[in-house]
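Before any comments, here is the structure.
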Amino acid sequence: MRVNNNNGPTAFYFSLVESDPKDIIWSLIDRDFKTSDIIQEFNWEKKDNIWKDDWTPGDYKLIAKRYADAIANDYQSENYKMIKMIDKIKKVNDLWKVRDIYKKIRKDEYIVLTPKSGKEPRINSAKVFGVRPDAPFLYTIAASGNRPMEFTAEGLPNGLTLDSQTGQITGTLKEKGVYIVKLKAKNSYGKNERDLKIVAGDRIALTPPLGWNSWNCFADAVDEKKVKAAADAMVNSGLINYGWTYINIDDFWENKPGSTDPDLIGPERYENGKIVVNKKFPDMKALGDYIHSKGLKMGIYSSPGPLTCGGCVASYKFENEDAQSYGEWGVDYLKYDWCSYGEIAKDDSREELMKPYYVMRAALDKVNRDIVFSLCQYGMGKVWEWGDKVGGNCWRTTGDITDTWESMSSIGFSQVENGAYAKPGNWNDPDMLVVGMVGWGPQLHPSRLTPNEQYTHISLWSLLSSPLLIGCDMTQLDDFTLGLLTNTEVLDVNQDPLGKQASRISKAGDLEVWAKDLEDGSKAVGLFNRGNKRTEVTAAFKDLGFEGKYMVRDLWRQKDVGTFEDAYRAFVPSHGVVLVKIKKLSL
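If you're matching positions, the sequence shown starts at -14 in the numbering used here and goes up one per residue.
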């Protein structure tokens, strides 16, 4: 293959063997271009098939036509302008003028729909919180608004105390019971209050966990410094003020048998059976203390097999020792990944699928700590039907997600069969979020999802009552990504105390409508367009079980749309969504 230097005299050559040339080029782009804007531009062009076929150098009109075709469905006036320019193209600089129009259109699509938060306080915490008696209690009152801010809590039960400056509630509850606490936040611009129902009993994770996981950005490159930076970023970006809580370390905190990486070489376990942490994590308890000091919670990763998916030391036959270590470190969340247990299981029966999770559940129950138990086995054996029986709080329902429309949409829109099994303390998990800077390793790139696809991603996961685990590098959050993650009305849909999962109420070709019952009697409704053209989507009130007049509110824009009868209709862009709340008009 010859790669030309524009019209210059030089070029370089390389050979390709049994590979798609375009795939090789894209991998080289990801490797060699460090500027995120450039990588993003190449990702747009890859998605729009600008370089889809063989191209004769100098045929700039063909490429220009592809730029025009890529935006034709949604931008007719710009498309017409580009078509007029094509006939005049004679040299590469003429092509760049067409490309500039294309780039501006794609860049302008990154519209932040979420309104900026006001200076006055708004409490955004979950309205219900589960805790087991005698377990350490940590709940941070999440509130947006200008600092300094003062917090109070009326009706706080004995055993709990509130730090009025940080909003952190800590302590222990000795007995089972339900406690209604009135949370208040006040600053120089105003005040706000919200009731919190504390349920001391047998169940935790009464709303879907909100947090971050290291895998989709760092994978095997994770280390203590990056985890601390993630905790700092969750606070400094303000995400903590919207209820984001967990800082979860995925694989590669352990040593790896047979590795040549000096950071991963070391003994597997101490003489007492406790696991040895690798050199990248010198003090796991200190790391847990650091995360907790910020009002956040720490998560960890393991597998019921001998090795993790990355080949590191896992928990097989050492479940009790590992659970004890998690308790000593202050772990609040365990992702337990099937991985090599497939070599241990006798067969693929439901009994064998459940067995290793029973074992770890029993080990966790010996630890005086509330640890969210996340089952990761990709939906095998319809895990949603038995995940609660083995003590799981959430469970993966599919394979791993990637930052492509094909992956995200196929996973998200397949969550049809499992909805009845979602409830407070039990959540279907269609995998982590792929917005922001991701990459599964040290070299990151902007999500390849278009802006409309990212709105679909967050909207659908919120309707599904899925755990929301940020998968990007939070130290590189841009305004668009921050807007996706801090919309209070969208997050309220995900965190609604009723704990229902949305169901698909209608499907017509590429158009789908999903609806979720909310605690106040209203419904959150997503009008989705999986097709390639801007199209009108209809949510018929009869399909929602509604009759009469209803108020419709746009949740992303946080504004009322108007009063409607019989149906609500909206034009939805390609791969996009309109997310609304539909509520009966008050008499």
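All residues carry an ideal CB built from backbone N, CA and C; glycine is no exception.
- DSSP places residue 345 in the uninterrupted alpha helix (DSSP H) bounded by 335 to 350.
- Around the beta carbon of residue 194, 16 or more other beta carbons sit within 10 angstroms, so the residue counts as buried.
- Around the beta carbon of residue 273, a 10 Å sphere encloses 16 or more other beta carbons of the protein chains shown; the residue is thus reported as buried.
- According to the DSSP assignment, residue 301 belongs to no alpha helix (DSSP H), since it is labelled neither H nor E.
- Counting other Cβ atoms within 10 Å of its Cβ, residue 328 stays below 16 and is therefore classed as exposed.
- Non-local beta-carbon contacts of residue 326 in its own chain, meaning distances under 8 Å to residues more than five positions away in sequence, involve 288, 289, 290, 301 and 341 in chain order.
- Counting every other CB atom within 10 Å of its CB across the protein chains shown gives residue 335 a total below 16, marking it as exposed.
- When the five nearest sequence neighbours on each side are left out, the beta carbons in the same chain lying within less than 8 Å of the beta carbon of residue 296 are those of 241, 242, 243 and 244, in order along the chain.
- Judged by DSSP secondary structure, residue 164 falls within the beta strand (DSSP E) whose first and last residues are 162 to 172.
- For residue 27, the uninterrupted alpha helix (DSSP H) segment begins and ends at 21 to 32.
- Residue 484 holds the alpha-carbon nearest to the alpha-carbon of residue 504 among 230, 262, 222 and 484.
- Collapsing the DSSP output to three states places residue 316 in a strand.
- A contact between stretches requires three or more CB pairs, one per stretch, nearer than 8 Å, and the segment 198 to 211 meets this requirement with the segment 224 to 243.
- The three-state secondary structure of residue 308, taken from DSSP, is helix.
- Three or more Cβ pairs closer than 8 Å define a contact, and the segment 127 to 134 meets that threshold against the segment 99 to 116.
- Across the set 430, 556, 548 and 78, the C-alpha of 556 shows the shortest separation from the C-alpha of residue 497.
- With a threshold of 16 other beta carbon atoms within 10 Å, residue 554 falls short and is exposed.
- For the pair residue 360 and residue 321, the CB atoms are nearer than the 8 Å cut-off.
- Residue 455 carries a strand assignment under DSSP once its states are collapsed to helix, strand and coil.
- In the three-state reduction of the DSSP assignment, residue 95 falls in the coil class.
- At the C-beta level, residue 120 and residue 146 stay beyond 8 Å of one another.
- Residue state for residue 450 is assigned as coil, using DSSP reduced to three classes.
- Residue nearest to residue 358 within the set 367, 365, 346 and 79 is 346 (criterion: CA-CA distance).
- No Cβ-Cβ contact shorter than 8 Å links residue 188 with residue 258.
- Under the three-state reduction of DSSP output, residue 431 falls in the strand class.
- For residue 460, the secondary structure class from DSSP, reduced to helix, strand or coil, is helix.
- When secondary structure is reduced to three states using DSSP, residue 188 falls in the coil class, being assigned neither helix nor strand.
- The straight-line gap separating the alpha-carbon atoms of residue 151 and residue 136 is approximately 8 Å.
- Residue pairing of residue 325 in beta bridges, as defined by DSSP: absent, with no partner found.
- With fewer than 16 other Cβ atoms from the protein chains shown falling within 10 Å of its own Cβ, residue 40 counts as exposed.
- Inclusion of residue 564 and residue 511 in the CB contact set at 8 Å is warranted, their separation being smaller than that value.
- By the Cβ rule, the segment 432 to 448 counts as touching the segment 416 to 424, because three or more pairs are nearer than 8 Å.
- When DSSP assignments are scanned along the segment 474 to 540, the uninterrupted stretches of alpha helix (DSSP H) that are 4 or more residues long and fall wholly within it turn out to be 526 to 529.
- Judged by beta-carbon spacing, residue 285 lies beyond the 8 Å limit of residue 249, meaning their Cβ atoms are not closer than that value.
- For residue 550, no alpha helix (DSSP H) encloses it; the enclosing beta strand (DSSP E) starts and ends at 544 to 550.
- In the three-state reduction of the DSSP assignment, residue 203 falls in the helix class, which pools H, G and I.
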